[in-house]
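Read in the UniProt record's numbering, the sequence shown has 163 at position 163, and its numbers run on one by one without any break.
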Amino acid sequence: MVETQFFRSYLYAPASKPELVEKAFNSQADCIVIDLEDAVHHDKKDEARRFVVDFLSKPASKPFLIRINDLNGPWGVTDLESISSPNLFGIRIPKTASVDTVKKASKILDAKKSNAQIHLLIESALGVVKAFELSSCDPKVAAISLGEADLLSDLRATNDEALAFSRLSILLAARAAGIKQPSQSVYANTKDLKGLEESTIEAKATGFFGRSIIHPSHIEIVNTIYTPTKEEAEKAEELLGVYEQMQATGNSVMALPNGEMIDPANIHYAKFQLNLYKSLNK
C-alpha cells in the first residue's frame with residue numbers, strides 16, 4: 001500500500017502549454033495534474049510528451065500527477081513508458097474499467113523502476129460497477145475518482161442526480177479497499193463560484209476529500225472548504241482528550257460538557273482533522 005497524502009485541490013494544466021504548467025506550480029493548488037489527455041490536441045501529443053519528459057528531469061516544487069492517455073488507445077503506453085522516472089510522483093489513468101489496464105500500468109512502472117502512485121479515473125458504467133475490484137487489484141493504487149462528464153455521457157444522462165449512485169459506489173469502494181477518500185470531479189462552469197461552493201460542501205459532507213479543478217479561480221474556494229478551521233481543530237483536540245480519559249478509566253463511552261456522546265467511532269475522524277490542521281499550519 002502506498003503512503004497516503006491528502007490534497008485539497010488538484011489543478012489541471014495542459015502539457016501542450018508549458019506557460020500554464022508553470023503558472024499552475026506557482027498557484028496555491030496542493031497538487032498539479034499535468035494533462036496529456038483531453039486538454040492536448042492529437043497533433044500535439046508527441047510535443048506535449050517531450051515537454052513532460054524534460055519536466056521530469058528536474059525536481060518539482062510541489063506534488064504532481066501526470067494524466068496519461070488511455071492505455072488501450074494509441075498514445076497511453078508510449079506516454080507511460082516515456083515518463084516513468086524516479087521524479088514521477090504519480091499518474092492518473094483515464095477511462096479505467098479493467099484490472100488488466102491497472103496491471104499493465106503497474107508492470108510498466110516496475111520495468112522502469114518507478115515508485116509512482118496510480119490514481120484511477122472511473123469514467124464509465126463498467127468502471128463504476130468494478131470500482132472495488134479496480135481499487136484493490138494492485139498495491140500501487142492510491143486513489144480513485146470519477147470523470148463525471150464522460151460518465152454522464154456513458155449513462156446517457158443529463159443531470160447530476162444520475163451520478164448519486166456512482167459517487168457513493170466509488171466512495172464505498174475506496175474505503176473498503178483501504179485507500180483514501182475519493183476526490184471530487186471538476187466543476188465545469190468556471191464562472192459559477194456559488195455553484196462550485198455548494199457542490200463542494202455537499203461532497204465533503206458525503207465523504208469525499210479534495211477536488212479536481214480546471215481553473216485557478218476555483219482553488220481558494222475548494223482549499224477553504226477542505227481546510228479544518230481552528231474551531232474544528234480545537235474540538236478534535238477536546239475529543240481526543242476525552243478519549244484518553246476513556247482509555248485511562250476503562251470507559252467505552254463518555255460525554256463532552258455539552259452532552260455530546262463520545263465513543264471510539266468519533267476518534268478516527270478527529271485524529272484526521274487535527275493532523276490535517278497541523279500539517280496545513282506548520
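Using N, Cα and C, we set each Cβ at its ideal position, and we do this for glycine too.
Source: prediction; values computed, not measured.
7 Å Cβ shell around residue i - same chain, five flanking residues per side excluded
| i | result |
| --- | --- |
| TYR226 | ARG8, LYS204, PHE209, GLY210 |
| LEU155 | ALA125, ALA162 |
| LEU280 | THR227 |
| GLU148 | LEU163, SER185 |
| LEU20 | ALA13, PRO14 |
| LEU56 | ILE83, SER85, ASN87, LEU88 |
Segment limits, alpha helix (DSSP H) that includes residue i
| i | result |
| --- | --- |
| PHE122 | The question names Phe, but residue 122 in the sequence shown is Ile. ILE122 -> not in any alpha helix (DSSP H); beta strand (DSSP E) instead, spanning 117 to 122. |
| SER98 | Neither: SER98 is in no alpha helix (DSSP H) and is coded neither H nor E. |
| SER153 | 148 to 155 |
| ILE219 | 219 to 225 |
| PHE25 | 18 to 25 |
| ILE93 | Element bounds for ILE93: not the alpha helix (DSSP H) but the beta strand (DSSP E), 90 to 93. |
| LEU168 | 164 to 177 |
| LEU196 | 193 to 206 |
Contact set for residue i: own chain, Cβ-Cβ below 6 Å, skip 5 residues either direction
| i | result |
| --- | --- |
| LEU240 | ALA270 |
| GLU197 | ILE221 |
| TYR243 | ILE267 |
| PRO216 | SER27 |
| GLY127 | THR96, ALA97 |
| ALA173 | ALA131, PHE132, SER135 |
Supposed contact pair residue j and residue i - C-beta distance, whole angstroms, cut 8 Å
| i | j | result |
| --- | --- | --- |
| ILE221 | THR200 | 7 Å |
| VAL53 | SER84 | That belief does not hold up - the Cβ atoms of VAL53 and SER84 are roughly 10 Å apart, past 8 Å. |
| ARG49 | ASP79 | 6 Å |
| ALA105 | ILE93 | 6 Å |
| LYS180 | ALA131 | With a Cβ gap of about 14 Å, LYS180 and ALA131 do not count as contacting. |
| SER124 | LEU151 | 6 Å |
| ALA24 | ILE32 | 5 Å |
| SER212 | SER169 | Actually they do not touch by this definition, with Cβ atoms about 18 Å apart. |
Among the options, the one whose alpha carbon lies nearest that of residue i
| i | options | result |
| --- | --- | --- |
| VAL141 | ILE213, ALA125, ALA116, PRO228 | ALA116 |
| SER185 | ASP192, ILE214, VAL253, ALA157 | ILE214 |
| GLY207 | GLU238, GLN245, ARG167 | ARG167 |
| TYR277 | LEU256, ALA236, GLN247 | ALA236 |
| ASN251 | SER145, LYS130, PRO264 | PRO264 |
| ARG67 | ILE262, GLU47, GLY90, ASP46 | GLY90 |
| TRP75 | HIS42, ALA149, VAL102 | HIS42 |
| GLU232 | HIS218, ASP192, SER212, ASN275 | ASN275 |
| VAL129 | PHE165, GLU37, LEU88, SER16 | PHE165 |
| GLU37 | VAL102, LYS17, THR249 | LYS17 |
| residue 283 | GLY259, CYS137, GLN5 | Given that the chain is displayed from residue 1 to residue 282, the structure contains no residue 283 and the question cannot be resolved. |
| THR101 | LEU121, SER114, LYS113 | LEU121 |
| ASP35 | GLU22, ASP46, LEU65, GLU47 | LEU65 |
| VAL99 | PRO139, SER114, ALA60 | PRO139 |
Residue i burial status per 10 Å Cβ neighbour count (16 or more: buried)
| i | result |
| --- | --- |
| MET1 | For MET1, the pLDDT reaches just 45, beneath the cut-off of 50, and the residue's location in the model is therefore unreliable, although a value from the coordinates is still provided. Counting Cβ neighbours within 10 Å, MET1 comes out exposed, since fewer than 16 surround it. |
| PRO86 | exposed |
| GLY178 | exposed |
| LYS194 | exposed |
| ASP192 | exposed |
| THR229 | exposed |
| ALA188 | exposed |
| LYS282 | exposed |
| ASP160 | exposed |
N- and C-terminal bounds of the beta strand (DSSP E) containing residue i
| i | result |
| --- | --- |
| ARG50 | That residue, ARG50, is in no beta strand (DSSP E); its alpha helix (DSSP H) goes 45 to 55. |
| PRO14 | 9 to 14 |
| ARG211 | 211 to 213 |
| GLY250 | Element bounds for GLY250: n/a, residue is neither H nor E. |
| VAL33 | 31 to 35 |
| LEU274 | No beta strand (DSSP E) contains LEU274, which is instead part of the alpha helix (DSSP H) from 264 to 280. |
| PHE64 | 64 to 67 |
Close Cβ partners of residue i (< 8 Å) along its chain, the five nearest in sequence each way excluded
| i | result |
| --- | --- |
| ASP30 | PHE7, ARG8, SER9, TYR10, LYS62, PRO63, GLY210, ASN223 |
| GLN245 | ASN251, MET254 |
| VAL77 | LEU71, LYS104, ILE108 |
| ILE262 | LEU239, VAL242, TYR243, MET246, VAL253, MET254, ALA255, LEU256 |
| LYS58 | ASN87 |
CB contact below 7 Å: residue i versus chain C
| i | result |
| --- | --- |
| SER217 | Of the chains in the structure shown, none is chain C; there is only one protein chain. |
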